[in-house]
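There are 2 protein chains.
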Amino acid sequence: MTYDVVVREVGPWDGLQLVKQVVPTEIKAEWISQQASLGFSNIEVTSFVPPKLLPQFGDAAEVVRRANSTSDLVASALVLNMKGAQLAMEAGARKICFVLSASEMHNQSNVRCSTDQSVEMFQKIKAWQGEHYPETFVAAAIATSFGCSLQGDVSQYRVTELAALLAELGAREIVLADTVGYGNPRQVYNVFKDIGREITNVPLAAHFHDTRGMGLANVAAALEADIRIFDAALGGLGGCPFAPGATGNIATEDTVYMLEAMGMHTHIDVNGLLELRKNLELWLPEETLHGTLANAKPAINFIRNSA
Amino acid sequence: MTYDVVVREVGPWDGLQLVKQVVPTEIKAEWISQQASLGFSNIEVTSFVPPKLLPQFGDAAEVVRRANSTSDLVASALVLNMKGAQLAMEAGARKICFVLSASEMHNQSNVRCSTDQSVEMFQKIKAWQGEHYPETFVAAAIATSFGCSLQGDVSQYRVTELAALLAELGAREIVLADTVGYGNPRQVYNVFKDIGREITNVPLAAHFHDTRGMGLANVAAALEADIRIFDAALGGLGGCPFAPGATGNIATEDTVYMLEAMGMHTHIDVNGLLELRKNLELWLPEETLHGTLANAKPAINFIRNSA
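Quick note, the sequences are listed as chains A and B, same order. Per numbering that gives the first Met the number 0, the first sequence runs over residues 0 to 306. Per numbering that gives the first Met the number 0, the second sequence runs over residues 0 to 306.
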């Protein structure tokens, strides 16, 4: 049995979050354009957050405009509040992804309000969007869905409840994010199976970090739980603010490779990805990239079978 | 549901295979002893191979003797032929593991005979062992069970056939090894499920490399296929002769951590493992260790739940 699977690049946003060097807009646009040409129809290109907090994304509006000129690409922008959502839509973002945390402690620390208040904020964003930009695709992501480095366990019931609320309020896609790499394959399978029973009219997506080496194991587990949309960052870019030196997002090239090896169809050019990763190394000379495929190279039967 | 799972350390053999620095016997003995004290009841301590080919294992007999003095430890020795098997048993190895490859090309390159000839050799070893050391536990491992970097695909039928033959000839445990990191979770699940239907009276074990990042995903998949014995090497030691810089065996610390996080019982002290890994760094100053847990540290809810 084979399936179509969507691998979404989140490097230009989540991957660059902790990168100290402010990457020129020109390079971001080039990265996005090159990656789209390899078969990526979904790229999270930037975030509309206060430039004082994250100078890396001071060029968000310009990045969105440039990305929109790439044909067949759904360029999405991450937003944390009404201001960011308005700016994103005004800049022409065709898709926005609103993020809240399932962990109360993480949500307080990240956006200084309760998760209930974040849900209310989402409702207001949806109302504003419905009035001004009704054609914009609005997704919602639930951070720390599999555990939180501040509070520890996160209630699986609360994750499902939040997902159901967000879907009811009009989110057209729900992303469960393992923000700090706390998830394990058994848990991932159970959580997605459980949520999949409650939410049947909105697609679910998975966002895994490889902080504790379980990133690809969690992808395989989510796949078994019928998830077909996965976030990943080229070169495993991303890191973890709470664990210096730790790996970040799952590496796009490793993720695509595993899914293809398993017989899924990503419609992405793996060898092209490895070439693009070399460009990323040049663009970010101070960053240590992660992932295994760049060193190991695809298996010879993989090359034969995909030829 | 929780289960007991055996994680077996293979660092002193498979992990040291490509290490240029010849590790003093004293240090190997210390490593084995310290690791046994953390709850490891199974350690592959050495290999009886010609010292001219692999000087690292010139002290095999001495390592076995030292390991045997560690109480409650099943110290096993890897062997490739009759000579090695005889030397191992004469040195007092209570367990030996005979290795052949499922790939004809890999077997030819490794031991210069066909896989049929290797099976015959196993039969002779079993006969000799039955006569001279009837109490020795004899296991068999099938290398390149999930693909081969020389010939590419490996027949799943042939792997099952070899496993059945070896079991019939008296192997008391069959290890399927992904020697070059070609396996993917779907394949691993299918192969183990398939073999599990044919071989019901002999335990099956899994030996994964993390060459293409799928090591832990393959552990999770094998677990779903009812496998409960896993090989791993501390610090992901091992490498791959065909891919310079590539990762090797799955890291013991990451493997134990994932299994425990999934609710399995390994009866192994994870924090102790991270301490031992620091010793390994001192013992092997020229090696780059792999694995994620050493940087990321266990999750705070993991620490709470296991306290």
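Every residue, glycine too, gets a C-beta built ideally from N, C-alpha and C.
Compare the beta carbon distance of residue i and residue j with 8 angstroms and say whether it is the shorter of the two.
i: B:Glu-172; j: B:Val-201; result: yes
i: A:Lys-82; j: A:Ala-138; result: no
i: A:Thr-320; j: A:Leu-233; result: There is no way to answer for residue 320 of chain A, as the model of chain A reaches only from 0 to 306.
i: B:Ile-42; j: B:Arg-64; result: no
i: A:Trp-282; j: A:Trp-12; result: no
i: A:Arg-227; j: A:Val-4; result: yes
i: A:Gln-186; j: A:Phe-145; result: yes
i: B:Leu-161; j: B:Ala-84; result: no
i: B:Val-218; j: B:Thr-254; result: yes
i: B:Asn-183; j: A:Ala-260; result: yes
i: B:Ala-216; j: B:Leu-175; result: no
Within a Cβ cutoff of 7 angstroms, which residues of the same chain sit near residue i, ignoring the five residues on either side of it in sequence?
i: B:Thr-159; result: Asp-193, Ile-194, Glu-197
i: B:Val-98; result: Leu-77, Leu-79, Ala-140, Ala-142
i: B:Thr-246; result: Asp-209, Thr-210, Gly-235, His-289
i: A:Ser-117; result: Leu-99, Asn-106, Val-110
i: B:Val-18; result: Gln-55, Leu-283, Glu-286
i: B:Ala-293; result: Glu-252, Leu-273, Arg-276
Shorter than 8 angstroms from the beta carbon of residue i to some beta carbon of chain B?
i: A:Gly-237; result: no
i: A:Arg-211; result: yes
i: A:Ala-298; result: yes
i: A:Arg-303; result: yes
i: A:Asp-230; result: no
i: A:Leu-15; result: no
i: A:Met-261; result: yes
i: A:Met-104; result: no
i: A:Thr-143; result: no
i: A:Pro-184; result: yes
i: A:Gly-83; result: no
i: A:Gly-309; result: Outside the shown range of chain A, which is 0 to 306, sits residue 309 of chain A, and nothing can be said about it.
i: A:Asp-253; result: yes
i: A:Gly-234; result: no
Does residue i have its Cβ less than 8 angstroms from a Cβ in chain A?
i: B:Gly-308; result: Outside the modelled stretch of chain B, which goes from 0 to 306, sits residue 308 of chain B, for which no answer is possible.
i: B:Asp-58; result: no
i: B:Tyr-181; result: yes
i: B:Asn-41; result: no
i: B:Asn-294; result: yes
i: B:Ser-148; result: yes
i: B:Tyr-256; result: yes
i: B:Thr-246; result: yes
i: B:Gly-195; result: no
i: B:Leu-215; result: yes
Using CA coordinates, which residue listed in the options is at the minimum distance from residue i?
i: A:Val-48; options: A:Asp-71, A:Gln-16, A:Ile-31, A:Ser-68; result: A:Gln-16
i: A:Gln-155; options: A:Glu-167, A:Ala-166, A:Ile-141; result: A:Ile-141
i: B:His-289; options: B:Val-44, B:Ser-108, B:His-208, B:Gly-271; result: B:His-208
i: A:Tyr-256; options: A:Gly-247, A:Ala-231, A:Trp-127; result: A:Ala-231
i: A:Ser-40; options: A:Asn-300, A:Ala-28, A:Val-73, A:Val-22; result: A:Val-73
i: A:Asn-270; options: A:Met-263, A:Phe-301, A:Leu-236; result: A:Phe-301
i: A:Ala-295; options: B:Ala-216, B:Leu-215, B:Tyr-181; result: B:Tyr-181
i: A:Leu-52; options: A:Leu-215, A:Asn-109, A:Gly-244, A:Gly-238; result: A:Asn-109
i: B:Gln-55; options: B:Ala-293, B:Lys-277, B:Ile-26, B:Gly-244; result: B:Ile-26
i: B:Val-21; options: B:Pro-297, B:Pro-284, B:Ala-293; result: B:Pro-284
i: A:Gly-237; options: A:Phe-191, A:Ala-28, A:Glu-286; result: A:Glu-286
i: B:Thr-69; options: B:Gly-244, B:Glu-119, B:Ile-299, B:Ala-28; result: B:Ala-28
i: B:Ala-298; options: A:Gly-57, A:Val-18, A:Asp-152; result: A:Asp-152
i: B:His-131; options: B:Leu-86, B:Thr-24, B:Ala-163; result: B:Leu-86
i: A:Pro-23; options: A:Gly-14, A:Gly-57, A:Pro-50; result: A:Gly-57
Using 8 angstroms for Cβ pairs, my map puts residue i next to residue j. What's the rounded Cβ distance?
i: A:Ala-169; j: A:Lys-125; result: Per the sequence shown, residue 169 of chain A should be read as Gly rather than Ala. With a Cβ gap of about 5 angstroms, A:Gly-169 and A:Lys-125 count as contacting.
i: A:Thr-291; j: B:Arg-211; result: 5 angstroms
i: A:Ala-35; j: A:Ser-46; result: Incorrect: roughly 19 angstroms between the Cβ atoms, too far for contact.
i: B:Leu-275; j: B:Gln-33; result: 5 angstroms
Residues in its own chain within less than 8 angstroms of residue i by CB, not counting five upstream and five downstream?
i: A:Glu-103; result: Ser-113, Thr-114, Gln-150
i: A:Thr-135; result: Met-88, Ala-92, Arg-93, Lys-94, Ile-95, Gln-128
i: A:Tyr-188; result: Ala-220, Ala-221, Glu-223, Ala-224
i: B:Phe-121; result: Phe-97, Leu-99, Ala-139, Leu-165, Leu-168, Ala-170
i: A:Asp-268; result: Leu-37, Gly-38
i: B:Asp-71; result: Ala-35, Ser-40
i: B:Gly-14; result: Ala-232, Leu-233, Gly-234, Leu-236, Gly-237, Gly-247, Asn-248
Leaving aside the five residues before and after residue i along the sequence, list all residues of the same chain whose C-beta is less than 6 angstroms from its C-beta, in chain order.
i: B:Leu-258; result: Val-4, Thr-265
i: A:Val-9; result: Glu-43, Asp-230, Ala-232
i: A:Gly-214; result: Phe-207, Ile-249
i: B:His-105; result: Thr-143, Cys-147, Leu-149
i: B:Ala-90; result: Ala-60, Val-63
i: A:Phe-191; result: Ala-221, Ala-224, Ile-226
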